[in-house]
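Enquirer: Pasting a structure here, questions to come.
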Amino acid sequence: MARTTAAGRRPARNAAAGSKARPKSRSGSATGKRSRRSAPRPGGLAGRLLRAGLLWSAVAGLWALVAVAGVLVWQAYKLPDIGDLDRYTRAGAVRMTGADGRMFASFGPIYGDPLTVAELPRHLVQAVIATEDRRFYDHPGIDPIGLARAAWTNLMAGRVVQGGSTLTQQLAKNVFLTADRSLERKLQELLLAFWLERNFSKDEILAIYLNRVYFGAGAYGVDAAARKYFGIPASRLGLAESALLAGLLKAPSRYNPAVAPERAGKRTSVVLANMVDAGYIDRDAARAAAGQPIAIAGPAGRGSGPRYFADWVYDSLPDYVGRPASDLEVITTLDPGLQAIAERAVSEGLAAARNADGLQAALVVLDPASGAVRALVGGRDYGDSQFNRAVQARRQPGSAFKPLVFLAALEAGWSPSDSIDDAPIRIAGWAPENIDGKFDGRITLAQALARSRNAATVRLQETVGRGRVRALAERFGLSGPLPEGPSLALGTGEASPLEVAGVYAAIANGGRAVLPFAVAGVRDREGRPLYERSGSGLSAVVSRRSAAALTDMLAGAVAAGTGKAARLDRPAAGKTGTTQDHRDAWFAGFTADLVAVVWVGRDDNAAMDKVTGGGLPADIWKRFMTASHRGWPERPLPGLREQQASLAGERQPR
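Right, dumping it as structure tokens:
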């Protein structure tokens, strides 16, 4: 124990001894003091600089954060109001539908029905995602992976070949922002993208995008595009059609299938390949869809189409609803099938005619019962001239006016079998001649009309009275000034093809005047009716007996008169018309189902090369009537013989 204690004290003694053994010297003590003064202190110059640098860096960083925050707040303040994004609409567009309910024309930016993702075909959604933003359902509005991939691709290509914007960014940019590439616009785009992702679900963002994005040809939204290009709602799009529309998003004008079908087809194949790569479809489905021909069935197709008709309807809208600021749907009377036949008849007729250079033509088709315009062609090529000759041109109807002279006589008590002299006649120095320079002598009224004898017609008018003829023409809807002299009988007044069609429709329906019309109704965007047609409101202007008798006479003109070139495989009635020096040529006629009027001439009113109403116009009329009635049951004309048979049947005892 003692050893342990002694041993334990021994180190202390040694330490003390060591301490005593270390001599104190002045020089050693002074040296130690000088060493402590010269050692660098933490608060020296370097330290102060370091602390100052850190302080100012923190201040600068703070101010940078404040500045960035200020910029973001300012840009957020300048953002448009997007609180009602899912209900956002634009006004002022007009869409027109035909009698079949399908849209055939639009004016201004057109929007379809807003649809949800669940209401759209699955392959349409897949085509858009596979091509525009494959990671759409995974990113928060900004896709860093997509940006990196696009940057690498562009770097390797040496040019910009791929973008990195997400669908959310595209929605923000396309709907609310401008297309400029400024830093300010990009910041706003990013802010909007984050705002959209925070306030809407992915499906809602995709639906808003597809309901608003531009697809070309004036169509905004996938439903408007489907109706514009294919004439169907978006819910009925097939795989090939969906891929085509998805391909338009990159460059709507460049890939417009109506303008560049080959380019659009290649772009569609790219979209289908993207869908295969994303695992949405297999290669066989892509190959089958890519092999389908691009058929543009909607109003975005090539050619004149119903453009003359659409322009006429659009210009007349103020008469129905004024100039409302909201979008409108106009329900028209147009029959797309008959319209296509009418366009083809005019085109093929002019192409087959000799010396047809510079000739123009117009064709109007009416429903004889109501006066509804079923088809209208205003010229041979809308692209070359938008002047609507069917509505705007006022030309002399020539002998196509003569039926009104004979109808006035029938109303005055004459009958088709009564006779009239087809002999030279002179009135105040004016002496009309027949087109062949001959006179037929004493002939019946039916023969005079069928052969279109000028002298007999003028003599009949002078006997019945010009005032009676003029008043009848006005009641039948001829609005232009009618000549006071005897040449009235030969159609030297002026009328449009549409007005002439109205006259023949009144004859065909038993003498009740009709007002040709093209608008059946107008609705606002919500479907509320702004205008609805409820009947013509016009009464009979001649007796049914007189109208029926004239119909029989016009049937004779087609069967054995000047209109023989227009004979059909069913009962038809009509009249030729040729003006002086062959400046105008007409054929106007009807069946039990349709009224059609054809005019041919030159815009400068120059003479044609011996074109008569029984030639080119009759040929175009027959082409149209033959094709339009194909498959329809044959029906008799409402003529006098039918009326007499009906009356005889009523008198028979039961």
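So the sequence shown is numbered by the working numbering: it starts at 260 and just counts up by one.
Think of the CB as a built atom: it goes at the ideal place given N, C-alpha and C, for glycine as much as any other residue.
(1) Would you identify the three-state DSSP class for residue 650, choosing helix, strand or coil?
(2) Quick one: grab the DSSP three-state call for residue 867.
(3) Please go through the same chain and pick out, in chain order, the residues whose beta-carbon is closer than 6 Å to the beta-carbon of residue 556, but skip the five residues on each side of it.
(4) In angstroms, rounded to a whole number, what distance separates the CA positions of residue 871 and residue 694?
(5) With burial defined as no fewer than 16 other Cβ atoms inside 10 Å of the residue's Cβ, what is the status of residue 539: buried or exposed?
(6) Which ranges does the beta strand (DSSP E) cover as unbroken runs of at least 3 residues, wholly within the stretch 534-598, from first to last along the chain?
(7) Indicate whether residue 655 and residue 751 have their beta-carbon atoms separated by less than 7 Å.
(8) So within the stretch 463-538, which uninterrupted alpha helix (DSSP H) runs reach at least 4 residues, ignoring any that extend past its ends?
(9) CB-CB under 8 Å to residue 810, same chain, minus the five flanking residues each way: which ones, in chain order?
(10) Is it the case that the Cβ atoms of residue 623 and residue 757 are separated by a distance below 7 Å?
(11) What number of angstroms, rounded off, separates the C-alpha of residue 712 from the C-alpha of residue 679?
(12) If we ignore side chains and look at the alpha-carbon of each, how far apart do residue 452 and residue 787 end up?
(13) From this set, 606, 718, 661, which residue's C-alpha is nearest residue 681's C-alpha?
(14) Closest to residue 645 by CA distance: which of 759, 619, 664 is it?
(15) Excluding sequence positions up to five away, which residues of its chain have a Cβ less than 6 Å from the Cβ of residue 370?
(16) Note down the Cα distance separating residue 525 from residue 854, rounded to an integer number of angstroms.
(17) Output yes or no for whether 7 Å exceeds the beta carbon distance between residue 824 and residue 877.
(18) Kindly indicate which three-state DSSP category residue 834 falls into: helix, strand or coil?
(19) Under 8 Å by Cβ, that's how I've got residue 363 and residue 492 pegged, so tell me the actual separation to the nearest angstrom.
(20) Could you pull the DSSP bridge partners for residue 619 from this structure?
(21) From the DSSP output, which residues share a beta bridge with residue 634?
(22) Quick test of the definition: if touching needs 3 or more C-beta pairs under 8 Å, does the stretch 518-536 touch the stretch 377-391?
(23) So, for residue 590: in the same chain, excluding its five sequence neighbours on each side, which residues have a beta-carbon less than 6 Å away from its beta-carbon?
(24) What alpha helix (DSSP H) runs, 4 residues minimum, are completely inside the stretch 791-821?
(25) Pull up the distance between the alpha-carbon of residue 520 and that of residue 843, whole angstroms please.
(26) Please state the DSSP three-state secondary structure of residue 681.
(27) Would you please state the rounded distance, in angstroms, between the beta carbons of residue 747 and residue 728? I believe it to be under 8 Å.
(28) Taking just the CA atoms, how far does residue 541 sit from residue 514?
(29) Using only the alpha-carbon positions, how far apart do residue 327 and residue 386 sit?
(30) My guess is that residue 625 and residue 633 are in contact by the Cβ rule of under 8 Å, so how many angstroms apart are they, rounded?
(31) Can you name, in chain order, every residue of its own chain whose Cβ lies under 8 Å from the Cβ of residue 289, other than the five neighbours on each side?
(32) Does the pairing of the stretch 659-674 with the stretch 794-809 give three or more beta-carbon distances under 8 Å?
(33) Taking DSSP's pairing of strands, which residues face residue 673 in a bridge?
(34) Pull up the distance between the alpha-carbon of residue 863 and that of residue 755, whole angstroms please.
(35) Considering only their Cβ atoms, is the gap separating residue 705 from residue 691 smaller than 7 Å?
(36) Could you work out which residue in 848, 869, 893, 890 is closest to residue 879 when comparing CA atoms only?
Expert: On the basis of the supplied data:
(1) coil
(2) If DSSP states are grouped into helix, strand and coil, residue 867 belongs with coil.
(3) 489, 490
(4) 10 Å
(5) Answer is buried; the Cβ neighbour count reaches 16.
(6) 587-591
(7) yes
(8) 481-489, 498-507, 520-536
(9) 766, 767, 832, 896, 897, 898, 899
(10) yes
(11) 11 Å
(12) 35 Å
(13) 718
(14) 619
(15) These residues qualify, in order along the chain: 479, 480, 483.
(16) When the Cα atoms are used, residue 525 and residue 854 turn out to be separated by approximately 45 Å.
(17) yes
(18) strand
(19) With 8 Å as the limit, residue 363 and residue 492 do not qualify as a contact, their Cβ atoms being about 15 Å apart.
(20) 860
(21) 624
(22) yes
(23) 356, 779, 780
(24) 803-819
(25) Spanning the two alpha carbons is a distance of roughly 40 Å.
(26) strand
(27) 6 Å
(28) Answer to the nearest angstrom: the Cα atoms are 24 Å apart.
(29) Low confidence applies here, because residue 327 scores a pLDDT of 47, under 50, leaving its location unreliable; read the following figure in that light. Going by the C-alpha atoms only, they are around 38 Å apart.
(30) 7 Å
(31) Below a pLDDT of 50, predicted positions are generally treated as unreliable, and residue 289, at 41, falls in that range; the measurement from the model is reported next regardless. Short of 8 Å from the beta carbon of residue 289, and not among the five residues preceding or following it, lies no beta carbon of its own chain.
(32) yes
(33) Note: residue 673 sits in no beta bridge, so no partner.
(34) 16 Å
(35) no
(36) 848
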